[in-house]
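Before any comments, here is the structure.
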Amino acid sequence: MKRILLIILLLPFFANAQFVNIYESQKVATQFMKMRHIQNPAKAPAEVFFTDTETSQVNGVPAFYIHYFNDSGFIIVSADKRVMPVLGYGYQSAGPENTKPEALKSWLKTCENGIEHLRDNGLSPDPKVNEWWDNLLAGEFPNKDYRSLEPMLTTTWNQNRYYNSMCPEDPDGPDGRCYAGCVATAMGQLMNYYRWPQTGTGSYSYLHPEYGTISADYENTTYLWDAMEDNLTNYNLAVAELLFHAGVGVDMQYGPGGSGMYNHSAAYVLRTYFKYVPETQYIFRDSTTLDWDSIVLSNLNHQRPMYYAGWTSDTTIGIYGHAFVCDGYETEDYFHFNWGWGGSYDGYFYLDDLTPGSNFNYGQEVITNMYPDTNLYDYPYTLPECNHINYMNGTLTDGSGPYNYDQNIVNEWILAPGNENYDSISSITISFSQFDVAEDAAIQIYDGGNNNATLLGEFSGSTMPPAVTTSGDSAYIYFTTGALNAPGWKLSYSTNLPVYCSGMTSISEENGIVSDGSAEKLYTGNDLCRYWIKDVGGWDNLFLHFNYIELADENDRIEILDPATNQTIENFTGPISLTDVDVNAGTNQAFILFVTNGLYNADGFEASFRRSMVGIDEADRNMKLLIFPQPATNNITIEAPASAGNIEQIDLIDITGALTSFNFAATQQNATLSVSNLKAGIYLVKVKGSEKEITGKLLIR
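Per the working numbering, the very first residue in the sequence shown carries number 17; after that it's consecutive.
Right, dumping it as structure tokens:
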């Protein structure tokens, strides 16, 4: 609101006929979206409701406005009538102002520089630009055929956490590692589009001044396309490895604040290590005599999305650039950019000269003719008739790549995710991101590992199918085609895992058990669980006995803290596997923090706790038998009083008189027993000590 008020106050200073105020710009934005809705009602909104506006200024004068509308749309409108009215827009991809992709910031800086250039040189508007402004302000739409190519990429990859999990470690970077880099993300998304190569060729190493020798072995790496998700919400080593290998090839200058490439080697790397055609090459906008839009359109119309990079200058940091992907267009004026920033601000942007006739240098480059080398390799490669998939999450396609699928084929996929790190999958959700299947073809999805299971859905045609979810840990997918061809399909599958623990658990019992909740299963990762064993009054001290602690890796930990001081009492960090660990809290309460990162999983922990009183407790301990936890399910700890001496034998007697005995070497006054094989009920506990016999009671649940 303050930004809008500032513009209103400055309006008298901008009486220039070429200046566009905020209200005119909103009118242009509204009319432009109306035009797009008429042309493409499935994507563009019928009505526009503005929610916020940002103003970009050059020398204190607005250069353009970014209007946000509806839920997450945005449109960038010029504040000068000598510039094309609409510079860019997106229907559902706007993010917060402080999360703009660096590549978009660079592109916007180029727009600012271009507008500054025309103002400094007093340039006149071009007739084409005048026509656009006149039509939009009058609510009349240019009489131009609407042609569009939907974005070809389904991925919305990023450079930060999860994507960078194989990049050099650095504590100042996201998730403790360097960024993957925009060049690697652009290359990786393009290769994922083709799902190529299966394996690379050769190897490469280079010396980084900060992180030493960095290497990639391409020819001995199998790239697991079926395990790569369109967007990551957890660790995915298949995606991370691809991006890291792309970065190594271009001598990525890794850093915790950003990673970049200082050579133009992406095309060379694609040809040399990733088996793309020799014609994969750079073209630079400022050095080619070819029509730039024609180059881009030709590649896109041949179903070849493009690596795109833009370079701009800034008075404070000099010349810098960013890479992204161009993969579609609307009306051959606005091209779709995937910025490689998690989908944020992906949209359509004007590529031609913003100010025709100004000869302003954009500093743009593309990689053209990127395509798998079909002279040397089989592409699209033939899928096995039956495909066994055991990855936790990923994507599948019909296998035809950018072509139509073949006639009269039969393929099947058995989804049975799970491995040594995951053993508690509750269901699988399958959803489509692309779907165009001829009427004589069909894809069937079954709720189980074969076609004897319940049919969840059978789909054909071009309407996007609804998502389906299995009732268990497997699914069967069956695809058959007939005499007709069509583009085919792409689907995502994701496993659903139980939540064993979450949030805060408050515990007020005098004794009991606390655990991660996974019981006989492995914990499922990405846990942040807190347990507060509270002060219940009448006790001075709290004792914890961990029956077991098993943590998978260094990012998994159990921390025990004093709630009163927030000081750490004990800390366990993976990878570890411990049993029978005693912790004296030294206070009457404790806070247990359990954190896991989801990359690898393990058994977790189980601990029993009991309370005591100084003085009285010591007197009681000379008389009473301590048995905890109560009630018990798996293990119990028994502590004999000092007066009984060391434990020689323990007898557990149920209400029927059945006896279970445990013998000991009489070397200590405590013992841990497993009672998991005993029936639930009340037991009499007899402990024979070296000095005397003492009894107690045990409840098994």
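C-beta atoms are modelled at their ideal positions from N, C-alpha and C, and glycine is treated no differently.
Bounds of the alpha helix (DSSP H) holding Ile131 are 118-136. Pairing Glu655 with Asn686 gives a Cβ-Cβ distance under 9 angstroms.
As summarised for the stretch 204-283, the continuous beta strand (DSSP E) elements at least 3 residues long and confined to that stretch are 219-224, 228-233, given in chain order. Shown here for Tyr397: same chain residues with a beta carbon closer than 7 angstroms to its own, the five before and five after excluded, namely Gln214 in chain order. Shown here, Tyr39 sits in a helix according to DSSP, grouped into three states.
Per DSSP, the beta bridge partners of Lys702 are Asp667, Thr711. In this structure the stretch 190-200 does not touch the stretch 231-243; the number of beta carbon pairs closer than 8 angstroms is below three. The residues Tyr179, Ala196, Ala200, Thr201, Gly204, in chain order, have a CB closer than 7 angstroms to that of Leu259 in the same chain once the five nearest residues on each side in sequence are set aside. A direct Cα-to-Cα measurement between Glu707 and Ile574 gives close to 39 angstroms. Here DSSP, grouped into helix, strand and coil, assigns Phe340 to strand. Between Tyr421 and Pro294, the C-beta spacing is not below 9 angstroms.
Contact between Phe451 and Met480 holds, with the beta-carbon distance rounding to 5 angstroms and staying under 8 angstroms.
It is roughly 23 angstroms from the alpha-carbon of Ile523 to the alpha-carbon of Lys713. Under the DSSP assignment, Glu575 falls in the beta strand (DSSP E) whose first and last residues are 573-578. A distance below 7 angstroms between beta-carbons, with the five flanking residues on each side excluded, links His280 to the following residues of its chain, in chain order: Tyr298. By the C-beta density criterion, Gln175 is buried, having at least 16 other C-beta atoms within 10 angstroms. DSSP, read as helix, strand or coil, puts Val285 in helix. With a beta-carbon spacing of about 16 angstroms, Glu622 and Gly590 fall beyond the 8 angstroms limit used to define contacts. As far as DSSP is concerned, Pro101 takes part in no beta bridge. Ranked by Cα distance from Gly553, the first of Tyr564, Ala568, Glu526, Tyr539 is Glu526. For Gly465, no pairing in a beta bridge is given by DSSP.
Cys342 and Phe351 have their C-alpha atoms some 7 angstroms from each other. Under the three-state reduction of DSSP, Arg320 is assigned to coil, being neither helix nor strand. Less than 9 angstroms divides the Cβ of Phe610 from the Cβ of Leu544. For Ala154, the uninterrupted alpha helix (DSSP H) segment begins and ends at 143-154.
The count of Cβ pairs closer than 8 angstroms, one atom from the stretch 71-88 and one from the stretch 122-135, reaches three, so the stretches are in contact. Under the rule that a run must span 3 or more residues, the beta strand (DSSP E) segments found entirely inside the stretch 420-448 read 426-431. Rounded to whole angstroms, the Cβ separation of Tyr494 and Thr612 is 37 angstroms, and the two are not in contact under 8 angstroms. Distance from the CA atom of Leu306 to the CA atom of Ser518, rounded to whole angstroms, is 59 angstroms. For Thr486, the CB contacts under 6 angstroms within the same chain, skipping 5 residues up- and downstream, are Ser443, Ile444, Asp463 in chain order. If you ignore the 5 residues before and after Pro167, its C-beta comes within less than 6 angstroms of the C-beta of Asp343, Gly344, His352, all in its own chain and listed in chain order.
Remark: C-beta atoms of Thr649 and Val691 approach each other more closely than 9 angstroms. Restricting attention to Tyr564, Pro579, Ile565, the CA atom closest to the CA of Leu558 is found in Pro579. Minimum Cα-Cα distance from Glu536 among the listed residues Asp619, Gly265, Tyr84, Trp148 corresponds to Asp619.
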